[in-house]
Amino acid sequence: MSEKTLIIFTRYPEKGKTKTRLIPAIGAEKAAKIQKLMTENTLKKAEKLDPNIRVKIYYAGGNQTLMEEWLGDKWEFIPQAEGDLGERMFSAIESNFNITGMPVIVIGIDCQSLTVDFLEKAFLAMDNHDLVIGEAKDGGYYLIGLKEPVKYLFKNMKWGTNTVYQDTLNIAKNYNLSIFNLPILADIDRPEDLVNLPENIENILRM
612 MSEKTLIIFT RYPEKGKTKT RLIPAIGAEK AAKIQKLMTE NTLKKAEKLD
662 PNIRVKIYYA GGNQTLMEEW LGDKWEFIPQ AEGDLGERMF SAIESNFNIT
712 GMPVIVIGID CQSLTVDFLE KAFLAMDNHD LVIGEAKDGG YYLIGLKEPV
762 KYLFKNMKWG TNTVYQDTLN IAKNYNLSIF NLPILADIDR PEDLVNLPEN
812 IENILRM
């Protein structure tokens with residue numbers, strides 16, 4: 612098998628257990644709806660990619676049945692591994708690389724301005740770079756792609772802080788990895804980020 616892989620990290624949109632940073636500002640029900648619609652928007656983009664790119668959904672919360680009832684049975688659903696975000700991402704990257712031997716890209720669903728074009732550029736860049744990364748405006752990253760698993764990029768990282776992108780970049784440079792940077796884009800994770808919601812989701816806030 613020689614397929615590149617796109618891994619999408621998401622969470623089952625259970626009220627009160629998802630997008631918790633938004634709950635104080637908009638309530639648990641709207642936060643869950645935003646999680647739901649952002650995931651669906653992301654999958655619509657994934658559907659437009661080259662069919663030779665395999666798309667896998669790694670989920671937290673819920674279960675296989677709930678995920679299929681929500682998003683349909685055409686997707687491959689895999690529960691996220693145990694551990695912090697880095698451990699979960701690396702586990703997903705490593706397991707898929709071991710199957711295909713091909714580059715793997717991981718995204719979440721928070722960056723709604725990530726386009727099909729950017730995803731295609733990321734996969735194209737993987738042909739000539741060890742690392743493809745997209746910096747988020749909050750100092751994290753919205754996309755990471757690796758030609759092969761590199762565990763030290765995910766160890767001892769202060770996830771959720773505004774230094775994650777730069778710390779990752781510094782480690783990659785120290786190990787002489789070739790790097791391709793995507794444009795800086797906004798994540799939607801905190802109340803102040805809600806201004807970046809796409810129109811089809813922004814309407815929820817008016818309800």
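If you read the sequence shown in this note's numbering, its first letter stands for residue 612, the second for the next number, and so on. From the three backbone atoms N, C-alpha and C, an ideal C-beta is built for every residue, glycine too.
Proximal residues to residue i (C-beta, below 7 Å), its chain only, five neighbours per side dropped
i, result
"residue 708", "715, 759, 760"
"residue 632", "800, 801"
"residue 795", "746, 748"
Rounded separation between residue i and residue j - CA only
i, j, result
"residue 612", "residue 777", "Unreliable placement is indicated for residue 612, whose pLDDT of 46 sits below 50; the coordinate value is still reported in the next sentence. Each residue's Cα considered, the two are about 34 Å apart."
"residue 638", "residue 618", "29 Å"
"residue 801", "residue 808", "11 Å"
"residue 630", "residue 669", "17 Å"
"residue 797", "residue 711", "31 Å"
"residue 784", "residue 664", "28 Å"
"residue 643", "residue 628", "8 Å"
"residue 682", "residue 762", "31 Å"
"residue 705", "residue 817", "42 Å"
"residue 635", "residue 650", "21 Å"
"residue 718", "residue 786", "23 Å"
"residue 610", "residue 672", "No statement about residue 610 is possible, as the shown extent of the chain runs from 612 to 818 and does not include it."
"residue 739", "residue 662", "21 Å"
"residue 737", "residue 654", "21 Å"
"residue 806", "residue 645", "13 Å"
Sequence-distant residues of the same chain with beta carbon closer than 8 Å to residue i, five excluded per side
i, result
"residue 656", "725, 726, 727, 730"
"residue 779", "744, 752, 755, 764, 768"
"residue 733", "716, 743, 745, 754, 756, 791, 793"
"residue 652", "720, 723, 809, 811, 812"
"residue 775", "750, 751, 752, 768, 769"
Cβ pair residue i, residue j closer than 8 Å
i, j, result
"residue 799", "residue 641", "no"
"residue 614", "residue 713", "yes"
"residue 616", "residue 667", "yes"
"residue 684", "residue 770", "no"
Proximal residues to residue i (C-beta, below 6 Å), its chain only, five neighbours per side dropped
i, result
"residue 699", "691, 692"
"residue 659", "727"
"residue 686", "668"
Beta-carbon separation (whole angstroms), residue i vs residue j, contact threshold 8 Å
i, j, result
"residue 697", "residue 748", "About 21 Å separates the two Cβ atoms, so there is no contact after all."
"residue 741", "residue 789", "5 Å"
"residue 750", "residue 773", "3 Å"
task: May I ask you to verify whether the stretch 754-761 touches the stretch 680-693, counting CB pairs closer than 8 Å and requiring at least 3?
output: Counting C-beta pairs with one atom in each stretch, the stretch 754-761 and the stretch 680-693 have fewer than three that are closer than 8 Å, which means they do not touch.
query: With contact counted as at least three CB pairs below 8 Å, one residue from each stretch, are the stretch 623-630 and the stretch 671-689 in contact?
result: Result yes; three or more Cβ-Cβ pairs closer than 8 Å.
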